[in-house]
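Reading through the structure tokens given below for one structure.
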Amino acid sequence: EKSLLWFRRDLRVFDHAALHYALKASQQVFCVFVFDTDILQPLLDAGLNADRRVEFIHASIIELERELRRLGGGLIVRHSAARHEIPRLAAQLGVDAVFSNHDYEPQAKQRDAEVASALAVDGRQWRSFKDHVIFERDEILTLANQPFSVFTPYKNAWMKRLAAADGAFFLKPYPIETHASHLAPPPTLSAAGIPSLAALGFEKTNLLDLKIAPGMSGAAALLEDFMPRIGQYGQTRDFPAIKGPSYLSVHLRFGTISIRTLARMAYQTLHQDAAATGAAVWLSELTWRDFYFMILHHHPHVAQRAFKPDYDAIQWESGAHADSLFRAWCNGRTGYPLVDAAMLQLNQSGYMHNRLRMVVASFLMKDLGIDWRWGEHYFSLKLNDFDLAANNGGWQWAASSGCDAQPYFRIFNPITQSEKFDADGKFIRRYLPQLAGLSNKHIHAPWLAPTNELGKAGIKLGENYPLPLVQHDEARKLTLQRYSVVKRVT
Ligand code: FAD
Numbered sequence: 005e006k007s008l009l010w011f012r013r014d015l016r017v018f019d020h021a022a023l024h025y026a027l028k029a030s031q032q033v034f035c036v037f038v039f040d041t042d043i044l045q046p047l048l049d050a051g052l053n054a055d056r057r058v059e060f061i062h063a064s065i066i067e068l069e070r071e072l073r074r075l076g077g078g079l080i081v082r083h084s085a086a087r088h089e090i091p092r093l094a095a096q097l098g099v100d101a102v103f104s105n106h107d108y109e110p111q112a113k114q115r116d117a118e119v120a121s122a123l124a125v126d127g128r129q130w131r132s133f134k135d136h137v138i139f140e141r142d143e144i145l146t147l148a149n150q151p152f153s154v155f156t157p158y159k160n161a162w163m164k165r166l167a168a169a170d171g172a173f174f175l176k177p178y179p180i181e182t183h184a185s186h187l188a189p190p191p192t193l194s195a196a197g198i199p200s201l202a203a204l205g206f207e208k209t210n211l212l213d214l215k216i217a218p219g220m221s222g223a224a225a226l227l228e229d230f231m232p233r234i235g236q237y238g239q240t241r242d243f244p245a246i247k248g249p250s251y252l253s254v255h256l257r258f259g260t261i262s263i264r265t266l267a268r269m270a271y272q273t274l275h276q277d278a279a280a281t282g283a284a285v286w287l288s289e290l291t292w293r294d295f296y297f298m299i300l301h302h303h304p305h306v307a308q309r310a311f312k313p314d315y316d317a318i319q320w321e322s323g324a325h326a327d328s329l330f331r332a333w334c335n336g337r338t339g340y341p342l343v344d345a346a347m348l349q350l351n352q353s354g355y356m357h358n359r360l361r362m363v364v365a366s367f368l369m370k371d372l373g374i375d376w377r378w379g380e381h382y383f384s385l386k387l388n389d390f391d392l393a394a395n396n397g398g399w400q401w402a403a404s405s406g407c408d409a410q411p412y413f414r415i416f417n418p419i420t421q422s423e424k425f426d427a428d429g430k431f432i433r434r435y436l437p438q439l440a441g442l443s444n445k446h447i448h449a450p451w452l453a454p455t456n457e458l459g460k461a462g463i464k465l466g467e468n469y470p471l472p473l474v475q476h477d478e479a480r481k482l483t484l485q486r487y488s489v490v491k492r493v494t
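Below you can see the structure in the form of structure tokens.
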């Protein structure tokens, strides 16, 4: 038995379902990663040749290759269209099966189906496994055997299933070491090595300056940093100026750490009094991640349309006016400091704090009247941790069009959000130093500051910081009108 292990968004050599099963089933396991031109070419065509994610993957692949070699195997790296490359390579190597982990995104599912049927033509098997989530697809269902569309009962059922198995079974790592001797070094025909970032057509970004460490080692360092803080997560997670969250999302995105490792650490911490509450909140966030993968799997239409169809009737702003509002939002020039600072954080680092993702999403749709899909697309280009399932889930939650979304009449007030979650303006000052001289009272809404305070702080509204694009109270009224089409049909 010979097989080929295809790495995709699971760039690690430990606790890896497909790798585990491939090593168990076969005497010789070759490993491959494809820099997929079906994904990369559209970025290049759009002129986006500096992408932190590509650099992150590239660096993670270097580490992955080194670790596979250390275990006695190696990594074949290709740069072409994966849907053709995988069947071709499988034929060249004469393997019996290709092993991989489940992907839940519509396009990836289509690609995998294509690969599976191309393999079948030559009598080769396609074998795929659950790896990226704790529970997937139909594993958590309602009493009526339907997928959940409301989070809290889903989470309760998720926790119940975990507890029923005593947490041990579903959180168990998939061992690699036992059969690691089955790893096969790449045959000479494939010894082309790892192409440089430049050979892929991409430039270096500021990833290293940001101290975002890629690969398994980067993930392990973040986890080590986070675990002593997990107990405080519940209190700190909403404040963007505080180091509250784990910052592990990019690693979960590319699988440089396994979800089982994280869920297991959180689950074990549930029994440690001092840290239990924080661990429960964090585990709940990991459950949201499973939830949105499950939603995308069962309702792939959410990638284009509202989860709740009546929300497709909403008329969003359009034309040149909408374009200019959208550009101001993208560039952090709305005149609302917390919104602008958040967008600058995204543009400069590829990360945005969860509280701020909710604030800027709400602002785009419910203050500026712009279609959630525009914001979702912008995030997809910028976020290091961009993940179709979670991003779409987050946007449709804020748009009120999603499963279990916030009600449409709940509209974040960008000023009170700022006063509450960045009370002393620390986060704002980090990204908008031109506002640093304002008092904590007025930094959230500079246009309400007395003229002498603005003067002393060196701020000329409309010159070195924008006037607010809209007045929140008026925008709120317009939004309630805009959403009234939904009220009528629901
Ligand atoms: P932590 O607070 O440490 O959370 C741990 C992990 O739990 C995260 O890494 C993530 O995998 C998961 N998680 C946390 N919150 C959520 C959530 N609401 N939904 C799903 N998973 C969650 N997350 C992404 O991973 N990719 C995205 O593209 C993405 N887009 C978003 C868009 C919007 C509009 C909103 C409101 C949220 C989005 N999120 C997304 C969820 C969340 O903001 C990020 O997961 C989180 O900020 C990442 O930081 P962290 O790793 O420090 O999170």
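Numbers 5 to 494, taken from full-length UniProt numbering, label the letters of the sequence shown in order. Think of the CB as a built atom: it goes at the ideal place given N, C-alpha and C, for glycine as much as any other residue.
Gln32 is bridged by DSSP to Lys6. No Cβ-Cβ contact shorter than 7 angstroms links Leu27 with Val99.
By the Cβ criterion, the segment 266-286 is in contact with the segment 222-240, since at least three pairs of Cβ atoms, one from each stretch, lie closer than 8 angstroms. Proximity of the beta carbon of Asp391 to ligand 1 is indicated: a heavy atom of the ligand is located closer than 6 angstroms. In the three-state reduction of the DSSP assignment, Pro341 falls in the helix class, which pools H, G and I. Pairing Val58 with Phe206 gives a Cβ-Cβ distance under 7 angstroms.
Relative to ligand 1, Pro249 has its C-beta within less than 6 angstroms of a heavy atom.
Contact between the segment 39-57 and the segment 145-165 is absent, with fewer than three C-beta pairs closer than 8 angstroms.
Here DSSP, grouped into helix, strand and coil, assigns Leu175 to helix. By alpha-carbon distance to Val119, the top candidate from Trp130, His136, Tyr271, Trp401 is Trp130. Taking 7 angstroms as the cut-off, the Cβ atoms of His301 and Tyr487 do not count as close. In this structure Tyr355 touches Asn388 by the C-beta definition: roughly 6 angstroms separates them, less than 8 angstroms.
Annotation for Trp399 indicates a beta carbon within 6 angstroms of some heavy atom of ligand 1. For the set Asp135, Ala223, Gly462, the Cα lying nearest the Cα of Lys176 is the one of Asp135. Secondary structure in the segment 97-127: the alpha helix (DSSP H) runs of 4 residues or longer, each lying completely within the stretch, are 110-125 in chain order.
Its chain contains Thr240, Arg241 as the residues whose beta carbon lies nearer than 6 angstroms to that of Gly248, once the 5 sequence neighbours on both sides are disregarded; these appear in chain order.
Under a 10 Å Cβ-count criterion, Gln421 is classified as buried, with 16 or more other Cβ atoms of the shown protein chains found around its own Cβ. DSSP, reduced to helix, strand and coil, places Pro472 outside both helices and strands of the structure shown, so it counts as coil.
Counted as a single uninterrupted DSSP element, the alpha helix (DSSP H) harbouring Ser253 occupies residues 253-258. Note on geometry: alpha-carbon atoms of Leu329 and Tyr412 lie some 21 angstroms from one another.
Three or more beta-carbon pairs drawn from the segment 456-469 and the segment 424-440 are found closer than 8 angstroms, and the two stretches are therefore classed as touching. The beta-carbon separation of Phe139 and His106, rounded to 12 angstroms, does not stay under the 8 angstroms limit for a contact. Distance check between Leu256 and each of Ser185, Ala223, Ser443, Cys35 places Ala223 closest, using alpha-carbon atoms only. Of the candidates Ala117, Ala167, Pro191, Ala122, the residue whose Cα lies closest to the Cα of Gln272 is Ala167.
Within the same chain, Pro341, Gly429, Ile432, Leu439 come within 7 angstroms of Ile447 by CB-CB distance, once the 5 residues on both sides are set aside. Measuring C-alpha to C-alpha distances from Trp292 to each of Val137, Tyr25, Val489 identifies Val137 as the nearest. Here Leu465 carries a strand assignment [DSSP, helix/strand/coil]. With fewer than 16 other beta carbons inside 10 angstroms of its own, Arg70 counts as exposed. Contact between the segment 53-67 and the segment 207-222 is present, with at least three C-beta pairs closer than 8 angstroms. The three-state reading of DSSP puts Ile80 in strand, counting E and B together.
In this model, Ala203 and Asn53 are separated by some 12 angstroms (Cα to Cα). In this model, Thr265 and Pro218 are separated by some 17 angstroms (Cα to Cα). Ligand 1 approaches Trp292 closely enough that one of its heavy atoms is under 6 angstroms from the residue's Cβ. Using a cutoff of 6 angstroms, the CB of Asn53 does not count as near ligand 1, since none of the ligand's heavy atoms is closer than that.
In the structure shown, the three-state DSSP call for Pro450 is helix. Ranking Asn335, Arg309, Gly339, Met369 by CA distance to the CA of Ser322 puts Met369 first.
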